[in-house]
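Colleague: This is the structure, below, for whatever I ask next.
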Amino acid sequence: MEYSKKVMEHFAEPHNVGEIPDANGIGEIGNAKCGDIMKMFLKIENDIIVDVKFKTYGCASAIATSSIATDMIKGQPISEALKLTNKAVVEALDGLPAVKIHCSVLAEQAIKAALADYYRRQGIDPEPIVGKIEEHDHDACHI
Ligand code: FES
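In my numbering, each residue carries its 1-based index in the sequence shown increased by 10.
Right, here's the structure in full:
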């Protein structure tokens, strides 16, 4: 399996790893294919993502995609983060092996889940804004 140089760089030294203690949007997503988990923390001020961090049990591809995806949305308005696609993230990494594409979906989905949480905390129904997401169901997770 061949990884691009960018994937290797972001895996070796991932950006934005960790937690944000005063995050106002937190999303957790489980990968249906491999069972790995991704947690995303957002700090949003005036509709701008001022900070973003992630934690994952995912593989190298999940780490690399989250690293670059968080770079791409940091400092951006929410509207830009909502437009971030899995495809754009994979392209920014100069591609991923086909069997690893499912890993890259975690980053996009976790960002959306965190944005949904941000809206929910304000009493706003996130679904019309963020769309439907399959969040991680803790009760179903006993692996
Ligand atoms: Fe699970 Fe890549 S194998 S995230």
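Ideal Cβ placement from N, Cα and C applies to all residues, glycine included.
Check whether the segment 48-68 and the segment 18-33 are in contact - that is, three or more C-beta pairs closer than 8 angstroms.
Modeller: Touching, yes, given that three or more Cβ pairs across the two stretches are closer than 8 angstroms.
Colleague: For the alpha helix (DSSP H) that Asp81 lies in, which residues bound it at each end?
Modeller: That run of the alpha helix (DSSP H) goes Ala70 to Ile83.
Colleague: Check each candidate in Gly133, Arg131, Ala120 and Ile83 and name the one with the smallest Cα separation from Lys142.
Modeller: Answer by Cα proximity: Ala120.
Colleague: List the DSSP bridge partners of Pro87.
Modeller: Bridge partners of Pro87: Ile58.
Colleague: The ligand FES and Ser71: does the residue's C-beta get closer than 7 angstroms to at least one heavy atom of that ligand?
Modeller: Because some heavy atom of the ligand FES lies under 7 angstroms away, the Cβ of Ser71 counts as near it: yes.
Colleague: Helix, strand or coil, according to DSSP, for Leu92 in the structure here?
Modeller: Leu92 falls in the helix class under three-state DSSP.
Colleague: So Gly40 and Ile47 are supposed to be a Cβ contact under 8 angstroms. How far apart are they, rounded?
Modeller: About 5 angstroms separates the two Cβ atoms, so the contact holds.
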